[in-house]
Each structure stands twice: as C-alpha cells, then as structure tokens.
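Visitor: In the numbering used here, the protein residues as written are 4 to 247. Just so you know, even glycine gets a beta-carbon here, dropped at the ideal spot from N, CA and C. Predicted model, so just to flag it, every value in this text is computed and none were measured.
#1: Whose C-alpha, out of 165, 26 and 45, is nearest the C-alpha of residue 73?
#2: Look at the alpha carbon of residue 134 and the alpha carbon of residue 4, and state the distance between them as a whole number of angstroms.
#3: Would you report the Cα separation of residue 7 and residue 175, rounded to the nearest angstrom?
#4: Less than 7 Å separating the beta-carbons of residue 219 and residue 60?
#5: Alpha carbons only, please: which of 28, 144, 126 and 54 is nearest the one belonging to residue 172?
#6: Thinking C-beta only, is residue 131 closer than 7 Å to residue 159?
#7: With distances taken from CA atoms, which of 127, 20 and 35 is nearest residue 239?
#8: Which parts of the segment 7 to 44 are runs of the alpha helix (DSSP H), unbroken and 4 residues or longer, counting only runs that do not cross its ends?
#9: What does the Cβ neighbour count give for residue 76, buried or exposed, with the cut at 16 atoms within 10 Å?
#10: Just curious, the beta strand (DSSP E) that residue 242 is in, first and last residue?
#11: Please work out which residues of its chain come closer than 6 Å, Cβ to Cβ, to residue 83, disregarding the five sequence neighbours upstream and downstream, and give them in chain order.
#12: Can you give me the Cβ contacts of residue 106 inside the same chain, cut-off strictly under 7 Å, excluding the 5 residues immediately before and after it?
#13: Could you tell me which of 126, 39 and 209 sits nearest to residue 227, measuring between CA atoms?
#14: Give the straight-line distance between the Cα atoms of residue 230 and residue 199, rounded to the nearest whole angstrom.
#15: With distances taken from CA atoms, which of 189, 129, 168 and 184 is nearest residue 195?
#16: Which term fits residue 128, buried or exposed, when burial requires 16 or more other beta carbons within 10 angstroms of its beta carbon?
#17: Excluding the 5 residues preceding and the 5 following residue 202 in the sequence, name in chain order all residues of the same chain whose CB lies nearer than 6 Å to its CB.
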C-alpha cells in the first residue's frame, strides 16, 4: 500500500512525541500516513545487564518490546494512522563484532562511533528503499545524537528517499541540558509548528499511551502532570522543510 506520508520513527514513541501535530493536520486533509518504527524487533533472552537496567527504568520488566508495540498500536489508533514495526533491534539489545553489548551505560546511547555497524546500515538502507521508495518520507534529524536516530537518518539519506521534511526529536530539542548540535540538511530550512488546543489535547492523549517515556522522561503518570520544564513545550514541533 502506498501512503501520502511515511514518518520514520527510530523507536516506538519518537514519531508520536515529535510529529503528532503535523500528523493530525495532514489527517484533516485526508492524507494517508504510516508510522514506520525502525528498531522495533523483539530480542532474544537473556537480556544484557544494560538492557535490564533500561527495562527497570521504564517499569517494563517482562516482555518489554511486546508491551511497547501494544502501546504504539494504541497511540497510532488514536491518531488515525497505520503503523509498521520492523524487526531491527534497538541499540540496547545489539552486540558489537566481538559479541559484547553495544551499550554499557546511558551515555553510550549518545556516543556515535562512525561506521561501527556497516552491515546494519546496509540492511537498513535496503529495507527502507524497499518500503519507502517513491513515497514522501519524514525523517528524524538526529538531534541529541542518539545512535539509532543517526543510523535511521543515514540509512534514509543513503537510500535517496524522497524527504518531505526532517523533524527535530522531542523532547531533545526542548531540553536545555542537551547538546543541540544538528547536521543541517542542505537546501532545507527550519520551520516551527504551533499546535492548536485540539491538536495539543490529542497529542497528549497519544503520548500518554507510552508509559516508559512518561515515567523516565517526564517523571509522571501523565504528561499533563509533569513538572519538567520541557513538558511545557509539548505543543510545539520543529521541522526542516525543503527550500523553494
């Protein structure tokens, strides 16, 4: 099936956290949209110590990926979009060429080693080309330098996909304690998007489907209850659109 737009989401919540407003606006024009979660694979057990740490932090000790898939399905239903979960593993479940866990601490998520996973990058490029060729794609820009986000962007660009826009990942762009360095896409310019009250309410409802970011990022049970400063910016989104 072809779509008017495909939103690439490195993880289950990235597209909903960052792009719900744009998605809702495009849905109001009867546009068909697919959220394509790239690193949605179910890992084998036993989990590494690092993976177990993240599971505990998220409050998802048993079958975490299956639970996150179900949460994503519900969020996509609320937004009225289709979803597809690919079987590539999140970096917390991956191993290096020596069989050691790729991620050993939270900081490792943001320490990019150039060309450290060439085989994975090639497989990503082939899969994205297969699924997204000749369709307009909305791509994560990699703000925050998360390994999986940068891999997703690099694979999409290597596949020469038809990029409608890049999106800045929320809450990374809204956090003052984060490095906001961006590899600026050539011939694209930054455009903010403010959501109206209805769009904001619906976005919050979709975000609340995901319990792990609510607990670990917003330290609350609902985003409306969060006291984190960046939670106040949830009704803003930032995109990079092609210059005309």
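Guide: Put simply:
#1: The residue with the shortest Cα to Cα distance from residue 73 is 45.
#2: 9 Å
#3: 27 Å
#4: yes
#5: 144
#6: yes
#7: 20
#8: 17 to 30
#9: exposed
#10: 239 to 245
#11: 30
#12: The beta carbon of residue 106 lies closer than 7 Å to those of 53, 94, 95 and 112 in the same chain, with the five residues before and after it left out.
#13: 209
#14: Using only the alpha carbons, I get a separation of about 22 Å.
#15: 168
#16: By the neighbour-count rule (16 or more Cβ atoms within 10 Å), residue 128 is buried.
#17: If we look at residue 202 and ignore the five residues flanking it on each side, its Cβ neighbours are 24 and 27.
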